[in-house]
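Adding 50 to a residue's 1-based position in the sequence shown gives its number in my numbering. Idealized CB from N, CA, C, for every residue including glycine. Bear in mind the structure is a predicted one, so any value in this text is a computation, not a measurement. Here's the structure we're looking at; comments come further down.
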Amino acid sequence: MFNEFVQQSSESDSDWEVRDPFKIKHIHLYFCLFSNVDFKFTRYLKEEVVQSIRKKQYEDGTSKCGPFTNRAYTFVTIPRYLESFMVYGMLQCLDHLLVIYTFLPLRCFLAVLNLMLRISSGIFQFFTYFNQYHDTSSSKTSRLTLLHNYELRDLIKFSLLCICTVILTKYDSSMAYHEIRTQSVIKIYIFFNLLEVADRLLSAVCQDALDDLLFTISKPRSDSVLSDDLENSFIFWRDIVLQYCFAFFCLIAHCFLLLCQVTTLNVAFNSQNKSLITVFISNNFVELKGNVFRKMGKTNLFQIACADVRERFHYCVWFSIIVCRNMNESGWNLDDLQTILIDVTYILLAEVAVDWIKHSFITKFNVIPSNVYEEYTVSIAYDLLLCHQGKNTSDYSDLLSRRMGLTPIPLSCLINAMLFQTIRNPSTLCLTLPFVVSA
């Protein structure tokens, strides 16, 4: 009976699985454990020394090493699989950002051109029908479609981008810089942590607000922009205006929040004792306490991995902006560039090291295989394929932006504001462009 109990007690890969023998059917636990057990200390001591049971299993070929195999190899190979996913994810984020600078302006230009052509064509058709037919009942003219839904979506996104960029450019960031610089180290540290939390919250709200606006535009209507149903047209445009205003306020708030984050990091780079740099480096290791010792599955780990991709991409953009601004202030002195790049390297290496340690221990404690990051890479690649097949209401990058938690419009507004403030001196434009492209 005891052998039957042992056979039904299956092995598990988890160190923390609770085995409840009372749930095993057809076994009386008390009888199995305490009936007909002739315990002798000498027999116990002999078994522990000689290991006759292990020897018999080895001779019969039934010896097992247990579930704890290749764990050290899995632990040390996690960084390789993680970095493969990170590189692909950052390339996706870069692609989302470049869409704002390449395809979106081209689409808006074509939309405006098509709008002008349709207006000209409508005016020409109107005078043609008016001259040929004086009886309006006999002329069956088709209603004019000025803008299609996809064209209106692009124009709205581009208008939000332009308005937020203009407002952010008019703001003097030097006032915020000097205000933050006068604070103590601990206040700046707390302020940066608050900004980091607010960034993630605002990013989610901005994405939802923009999605709601674009979804409202994508709703099928009985007619396009010029509709005879005035009531439905009024409701449609009322919803668009309200959602547009809400999305605008969310985006402009996120833009100023990103500007505060960059300014705080810039203060840390320009501090005399470099204590803030040490504080920001040590801040990365705080993530280990909140993530490593939690129960997680593959889905939770996927969310953490996507958040890490977004965070690392944000750091790359911010550091490019900081290097560009500081070099512009110093007249592009190479000695200052070397000092700044050393600090940037320290922070990036700390970020990479924390990601390696965090993901290695999460996969270890939750018994997640290392090849799960290949599944994550395939998943975001499949999202890109679905978007290119038209399985999304808006741009193909929006679905992946929701997956990564990335809002490219506020980030591009921040880059635009930095670029416009830097190229006020035209002689530094050629030196600034490489950093902007790398961002």
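Tell me whether residue i sits in a helix, a strand or coil according to DSSP, three-state version.
i, result
"residue 347", "coil"
"residue 393", "helix"
"residue 91", "helix"
"residue 382", "coil"
"residue 420", "coil"
"residue 234", "coil"
"residue 369", "helix"
"residue 102", "helix"
"residue 322", "coil"
"residue 152", "coil"
"residue 455", "coil"
"residue 342", "coil"
"residue 376", "helix"
"residue 120", "coil"
"residue 414", "helix"
Measure from the alpha carbon of residue i to the alpha carbon of each residue in the options, then state which is nearest.
i, options, result
"residue 290", "306, 259 and 308", "259"
"residue 219", "244, 130 and 305", "305"
"residue 122", "466, 411 and 429", "411"
"residue 454", "380, 437, 357 and 383", "357"
"residue 332", "401, 130, 93 and 227", "401"
"residue 407", "355, 256 and 231", "355"
"residue 376", "393, 409, 146 and 361", "393"
"residue 207", "134, 294, 216 and 374", "294"
"residue 223", "317, 209, 161 and 413", "317"
"residue 425", "135, 245 and 125", "135"
"residue 137", "361, 462 and 154", "361"
"residue 300", "339, 285, 268 and 257", "257"
"residue 126", "236, 403 and 329", "403"
"residue 339", "409, 383, 221 and 372", "409"
"residue 566", "169, 285 and 209", "Residue coverage of the chain in this structure runs from 51 to 489, which leaves residue 566 outside it and unanswerable."
"residue 166", "196, 247, 124 and 285", "196"
"residue 128", "405, 462, 381 and 368", "405"
"residue 322", "231, 422, 173 and 472", "231"
Whole angstroms is fine: what's the gap from residue i's alpha carbon to residue j's?
i, j, result
"residue 449", "residue 164", "27 angstroms"
"residue 159", "residue 469", "22 angstroms"
"residue 225", "residue 171", "52 angstroms"
"residue 91", "residue 99", "12 angstroms"
"residue 148", "residue 265", "23 angstroms"
"residue 324", "residue 255", "35 angstroms"
"residue 205", "residue 234", "44 angstroms"
"residue 457", "residue 397", "23 angstroms"
"residue 379", "residue 298", "32 angstroms"
"residue 336", "residue 435", "36 angstroms"
"residue 152", "residue 345", "42 angstroms"
"residue 359", "residue 215", "25 angstroms"
"residue 130", "residue 320", "34 angstroms"
"residue 161", "residue 252", "30 angstroms"
"residue 191", "residue 288", "In this predicted model, residue 191 has a pLDDT of only 46, less than 50, meaning its place in the structure is not dependable enough to derive any value."
"residue 327", "residue 229", "18 angstroms"
"residue 211", "residue 198", "20 angstroms"
"residue 201", "residue 168", "13 angstroms"
"residue 132", "residue 451", "20 angstroms"
"residue 343", "residue 246", "22 angstroms"
"residue 330", "residue 387", "20 angstroms"
"residue 292", "residue 203", "15 angstroms"
"residue 187", "residue 464", "Summary for residue 187: the model assigns pLDDT 44, below 50, so the residue's position carries little reliability; its value from the coordinates is reported in the next sentence. Cα to Cα, the separation comes out at about 56 angstroms."
Of all the CB atoms in chain D, is at least one closer than 7 angstroms to the CB of residue i?
i, result
"residue 464", "The question asks about chain D, but that chain is absent: this structure has only one protein chain."
Any 3 or more C-beta pairs closer than 8 angstroms across the region 347 to 355 and the region 401 to 421: Enough Cβ pairs lie closer than 8 angstroms, so yes.
Validate contact between the region 420 to 436 and the region 131 to 147 using beta carbons, cut 8 angstroms, 3 pairs: They touch, by the three-pair rule.
Contact the region 240 to 248 vs the region 307 to 314: 3+ CB pairs below 8 angstroms: Between the region 240 to 248 and the region 307 to 314 there are three or more C-beta pairs closer than 8 angstroms, enough to call the two in contact.
Minimum length 4: unbroken alpha helix (DSSP H) runs contained in the region 198 to 257: The region 198 to 257 is shown to contain whole alpha helix (DSSP H) runs of 4 or more residues at 199 to 220 and 223 to 231, in chain order.
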